[in-house]
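With UniProt numbering applied, the sequence shown corresponds to residues 1 to 188, in that order.
Beta carbons are placed, not taken as given, at the ideal position from N, Cα and C, and that holds for glycine.
As the structure is a prediction and not an experimental result, all values here were calculated from the model.
Reading through the structure tokens given below for one structure.
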Amino acid sequence: MTEKDMQAHEQENIPVNNGINADENQGGSTHLNEPVAEEGEVEKLKSELAEMRDKYLRSVAEFDNFRKRTAKEKLELIQTANKEVITALLDVLDDSERASKQLETSTDIQAIKDGVVLVFNKLKTTLQSKGLKAMESINQEFDADLHEAITEIPAPTPDMAGKVIDELQKGYMINDKIIRHPKVVVGK
């Protein structure tokens, strides 16, 4: 760059580089220009750390309390659910006691049969209202996930091979979840 060019740059307030990098001008050290942390900043950082630690401990304690509270609520919910079912079945128990007294004194067999059927139907209706549903198994394909095979017998017809022929004990579901698998006889 000529002297004339340098004067033109100075008048325009453009810094002249003269082919030297700014980093080389500073000797490549960037740490020399950083300010040294002051005592006030150190105290401020310590107080922020203490505040964060306090928030952390409070959060941990709050989560632990939440976990305990939800476990307690779950236990109470289970106990309350049992209470509802038992309360619903008390009417059936009362009817069963009345039917038992009638068995001792009545000689009319048809009236006794009708009374027992009424009590049975009331029990069935009460349990269904609580979500109980009987599983249909007979003439269905055997499924090890749904059925419990007690025995295997020769199928009466070829199309009954691999299907449930008889049901020794009914299976039940509550809200589409199996609570007791049916015990079945399977054709082979």
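- Here the alpha carbon of valine 60 sits roughly 30 Å from the alpha carbon of glycine 40.
- DSSP places threonine 151 within a strand segment (E or B) once states are collapsed to three.
- Per DSSP, aspartate 95 is one residue of the alpha helix (DSSP H) stretching across 39-105.
- DSSP places glutamine 140 in the coil class of the three-state scheme, outside both helix and strand.
- For glycine 187, the enclosing beta strand (DSSP E) begins and ends at 183-187.
- In this structure, the alpha-carbon of lysine 163 lies about 50 Å from that of phenylalanine 66.
- For valine 164, the pairing in a beta bridge is given by DSSP as Val186.
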